[in-house]
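Comments concern the structure below.
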Amino acid sequence: MNQQTCACPHCSCSLGANAVERDGRRYCCEACASGHANGQACEQGGCGCAKGASAPHGH
Numbered sequence: 057m058n059q060q061t062c063a064c065p066h067c068s069c070s071l072g073a074n075a076v077e078r079d080g081r082r083y084c085c086e087a088c089a090s091g092h093a094n095g096q097a098c099e100q101g102g103c104g105c106a107k108g109a110s111a112p113h114g115h
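Counted the way the numbering used here counts, the sequence shown spans residues 57 to 115.
Below, the structure is given as structure tokens:
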């Protein structure tokens, strides 16, 4: 099966020319592939997945 959307759990962007493959999963950009390690925003304009990835867990 060919996945066409980013594997980042908070991202719904389509894979494009800058797609990155890591650990057998495909991401739309390096920021998503790194899990937004340094708070990097998604390279797809207007996507808020970095905020979801950096949100604190728990109460």
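Every residue, glycine too, gets a C-beta built ideally from N, C-alpha and C.
Residue i - partner residues in DSSP beta bridges
i	result
S70	T61
C86	Note on identity: in this sequence residue 86 is Glu, with Cys being the wrong assignment. E86 pairs with nothing; no bridge assigned.
E77	R82
Alpha-carbon spacing of residue i relative to residue j, whole angstroms
i	j	result
C69	N94	20 angstroms
A89	V76	7 angstroms
P65	A73	20 angstroms
Cβ neighbours of residue i in the same chain (closer than 8 angstroms, five flanking residues each side left out)
i	result
A97	A87, C103, A106
Under 8 angstroms between C-beta atoms of residue i and residue j
i	j	result
A109	R81	no
C84	Q100	yes
Sequence-distant residues of the same chain with beta carbon closer than 6 angstroms to residue i, five excluded per side
i	result
R129	No information on residue 129 is available, as it lies outside the stretch 57 to 115 that the chain covers here.
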